[in-house]
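2 protein chains.
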Amino acid sequence: MATIKDIAKRAGVSVGTVSHVLNGTARVRKETREKVLKAIEELDYHPNSIARSLRRRRTGTIGFIMPALERSLDEPSYLMDFIAGIVDESKQYGFDVLIASESHDGELASYKRMVKSKKIDGCIITCTKKNDERPIYLLQEKIPFVAFGRPYNDLKFPYIDVDGTLGVYKAVRYLLDLKHNRIGFINLPSELVCSEDRLRGYIKALKEREIEIDSRLIIEGKTTRFGGYQAMKKLLDLTPPPTAVMVASDLMALGAIKAIQEAGLVVGRDISIVGFDDIREAAYTNPPLTTVRQPVYKIGSLLCYMLIQLIEGENPESFVITPELIVRDSCAPLSLEK
Amino acid sequence: MATIKDIAKRAGVSVGTVSHVLNGTARVRKETREKVLKAIEELDYHPNSIARSLRRRRTGTIGFIMPALERSLDEPSYLMDFIAGIVDESKQYGFDVLIASESHDGELASYKRMVKSKKIDGCIITCTKKNDERPIYLLQEKIPFVAFGRPYNDLKFPYIDVDGTLGVYKAVRYLLDLKHNRIGFINLPSELVCSEDRLRGYIKALKEREIEIDSRLIIEGKTTRFGGYQAMKKLLDLTPPPTAVMVASDLMALGAIKAIQEAGLVVGRDISIVGFDDIREAAYTNPPLTTVRQPVYKIGSLLCYMLIQLIEGENPESFVITPELIVRDSCAPLSLEK
DNA sequence: CTGAAAGCGCTTACAG
DNA sequence: CTGAAAGCGCTTACAG
Chain A
2 MATIKDIAKR AGVSVGTVSH VLNGTARVRK ETREKVLKAI EELDYHPNSI ARSLRRRRTG
62 TIGFIMPALE RSLDEPSYLM DFIAGIVDES KQYGFDVLIA SESHDGELAS YKRMVKSKKI
122 DGCIITCTKK NDERPIYLLQ EKIPFVAFGR PYNDLKFPYI DVDGTLGVYK AVRYLLDLKH
182 NRIGFINLPS ELVCSEDRLR GYIKALKERE IEIDSRLIIE GKTTRFGGYQ AMKKLLDLTP
242 PPTAVMVASD LMALGAIKAI QEAGLVVGRD ISIVGFDDIR EAAYTNPPLT TVRQPVYKIG
302 SLLCYMLIQL IEGENPESFV ITPELIVRDS CAPLSLEK
Chain B
2 MATIKDIAKR AGVSVGTVSH VLNGTARVRK ETREKVLKAI EELDYHPNSI ARSLRRRRTG
62 TIGFIMPALE RSLDEPSYLM DFIAGIVDES KQYGFDVLIA SESHDGELAS YKRMVKSKKI
122 DGCIITCTKK NDERPIYLLQ EKIPFVAFGR PYNDLKFPYI DVDGTLGVYK AVRYLLDLKH
182 NRIGFINLPS ELVCSEDRLR GYIKALKERE IEIDSRLIIE GKTTRFGGYQ AMKKLLDLTP
242 PPTAVMVASD LMALGAIKAI QEAGLVVGRD ISIVGFDDIR EAAYTNPPLT TVRQPVYKIG
302 SLLCYMLIQL IEGENPESFV ITPELIVRDS CAPLSLEK
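Residue numbers (my numbering), protein chains in the order written: chain A, 2 to 339; chain B, 2 to 339.
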């Protein structure tokens, strides 16, 4: 493999000069540059990025750690699209993406390993929690990072979040407009910061119509299909059961649909369901799922861009995305004669 | 951030000695080692892996490039599990995983970029094709790699494959045992090496029962839901349509199911379907999908292990996995009075 | 505009 | 058993 020395020798210049034409760090006479370029071409030379990293103290790679939460037991839902967004965007800027999985020895351990190895210039975290140790650690170690999900407490860091309150509010209001008044809510675990937001949207919509909040209709479940399945079962056991259910994640909604089908009921006729996320499967359920869309591929790529800005010393602005209600066929007006 | 020099100074030894206790590359007197260990502990020192990589000419990271084929338009199906398998396994050996996406400027470009950057010690390729340029390139550049999918032509490299012929054979024989005799086959694009294998299984099973091959019943589709949807539509237009269909990928089977439902037919009653892969969704379709299981998480982790062996100079053995037929509810015996 | 030299943080023969 | 030194392949002030 050719090194910068080989190029220097072949072009009859010093390695410093080669470096300068490579990086544009100094004016180089046209003929000199062309000699160098020719040598690079002929030897198919590519700078060794490891050597470069050592010297520049920048690796050109960003890290992402797959949260165990999403992966546990059940399928990864939006994770693949999120990663694809990151990876595709990073390529635009010549960055690579290092992926790790959350270790069993505590959530923070993987982050420490990644940071301490110095293989990355920064990282993206997702799924922020209340009392999340990760931002605290990264802030303290001065590692650039951005998050999918807003900060909790008074921490300051760049993030993108989806307005979960608004999303759920829109969805529940949609159900109310269909004349439902006994609406269940299957929420994410309360440790997630977005869980609270979404609940707020539910409450807001009901209060607006002066419907009393029935706490038995609000259930928290694990963020898996099975979690949604279990939660729905509980809701169906109520007397009377809700006629419509807002589910705070599509994956859980899929489980909820299964529970409904097993009970011999038909989604979109006997009971209405709205999900949250708009994962790929949502368009393919039977009936297709009405849901609140989070553009995760986009969010992944935007976060990646923000992180790279941050790494380059700029100050990216955080923002909150307004989610959109995607109406499909999983909801129907409440029919009195049912 | 502490460097090896800081440790050496604090422990009152040379950096070489610190390096030796770090790596066990030489006997170090117990007291000396303890002094060093203490300094490491106190300064929370972690070796800079970039510096180490430069010196050792080994980076401790492996590469994976997400094939555009699976990602295009439709959902990633098994990719997330495959990646999870790689990432989890790599951690066991202290390796990291670099992920890139296939570039638009030709399939090979991403591989070249990754290899030339020298950020990786080896890589994993998936979805081998006939006339695949990647193995040829990697072989020629002497980059260690392993593949999900057997070699085509006379190339030699370590791989894991699933016996697609056997898998499809088992599935089709199962349909034959249910008295179906007009069985469709929706196959993967013929450029994939596994496509041919699977077709062979179909043909073998039919020949064994002396059923003539009707080429109109064999359709190739894109590896997406929509591909399966389109293919199924064509099959349904036949007169008479098949009473059972073997689909060479679950994702496509999901599309096929949609086409069947749209035609007002019921899967598992009017028409039987068998998929291939056993992706997560397969257990949740309505009815749950009978399918041939490929253990992709396992394959990902095994390939990762093989690659690390290869990198360390060992000679991992390739092997073929025997797939299992997972019987769920998407098939029924052919009823004559239908 | 170009070269010589120091240095990024390690590892690894080579002495002793 | 331990130290001094070279070197991995680059970048970057500093001279000139």
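For every residue, glycine included, the Cβ atom is placed at its ideal position computed from N, Cα and C.
- Counting only runs of 4 or more residues that sit fully inside the region 52-96 of chain B, the alpha helix (DSSP H) segments are 69-72, 80-93, in chain order.
- Chain-order list of chain B residues neighbouring residue 141 (chain A): empty, with the shortest C-beta distance near 12 Å, by a criterion of under 7 Å.
- Within the region 214-267 of chain B, the runs of beta strand (DSSP E) that reach at least 3 residues and sit entirely inside it are, in chain order, 219-221, 245-248.
- Only those residues of the region 230-263 of chain A whose C-beta falls short of 9 Å from the nearest C-beta of chain B are listed: 255, 256, 258, 259, 262.
- The Cβ of residue 307 (chain A) sits no closer than 8 Å to any Cβ of chain B.
- Annotation for residue 294 (chain B): the continuous beta strand (DSSP E) segment containing it runs 291-294.
- Any Cβ of chain A closer than 8 Å to the Cβ of residue 302 (chain B) would place that residue at the interface, and such an atom is absent.
- Distance from the CA of residue 185 (chain A) to the CA of residue 200 (chain A), rounded to the nearest whole angstrom, comes to 11 Å.
- Annotated as distal: residue 235 (chain B) and residue 190 (chain B), with beta-carbon spacing of 8 Å or more.
- Scanning A:328, A:295, A:317, A:336 for the CA closest to the CA of residue 82 (chain A) turns up A:295.
- Partner residues in the beta bridge of residue 130 (chain B), as assigned by DSSP, are B:193.
- In this structure, residue 244 (chain A) and residue 335 (chain A) form a Cβ contact; the two beta carbons are roughly 5 Å apart against a cut-off of 8 Å.
- A Cβ-Cβ contact shorter than 8 Å links residue 124 (chain B) with residue 64 (chain B).
- Rounded to the nearest angstrom, the Cβ distance from residue 146 (chain B) to residue 126 (chain B) is 6 Å, consistent with a contact under 8 Å.
- Close CB contacts of residue 181 (chain A) within its chain, under the 6 Å cut and outside five residues either way in sequence, are with 244, 245, 335 (chain order).
- Beta-bridge analysis with DSSP links residue 278 (chain B) to B:294.
- For residue 47 (chain B), the closest C-alpha among the options B:68, B:32, B:33, B:19 is that of B:19.
- Here residue 216 (chain A) is exposed. Its C-beta has fewer than 16 other C-beta atoms within 10 Å.
- For the pair residue 98 (chain A) and residue 278 (chain B), the Cα-to-Cα distance works out to about 28 Å.
- Per the C-alpha coordinates, the member of A:90, A:175, A:284 positioned closest to residue 210 (chain A) is A:175.
- Taking a cut-off of 8 Å for Cβ pairs, the region 100-113 of chain A and the region 136-143 of chain A touch, as three or more such pairs fall below it.
- For chain A, the residues of the region 41-65 of chain B that bring a beta carbon within less than 8 Å of one of its beta carbons are 47, 49, 50, 51, 52, 54, 55, 60, 62, in chain order.
- Interface flag for residue 134 (chain B) against chain A is unset, since no Cβ pair is found closer than 8 Å.
- With its beta carbon less than 8 Å from one in chain A, residue 287 (chain B) belongs to the interface.
- In this structure, B:11 is the residue among B:58, B:27, B:11 with its C-alpha nearest to the C-alpha of residue 36 (chain B).
- Neighbours of residue 89 (chain A) across chain B, judged by C-beta separation under 9 Å: 102.
- Per the coordinates, the alpha-carbon of residue 285 (chain A) lies some 31 Å from the alpha-carbon of residue 92 (chain A).
- Within the model, the alpha-carbon separation for residue 260 (chain A) versus residue 239 (chain A) is close to 14 Å.
- With a beta-carbon spacing of about 5 Å, residue 291 (chain A) and residue 332 (chain A) fall inside the 8 Å limit used to define contacts.
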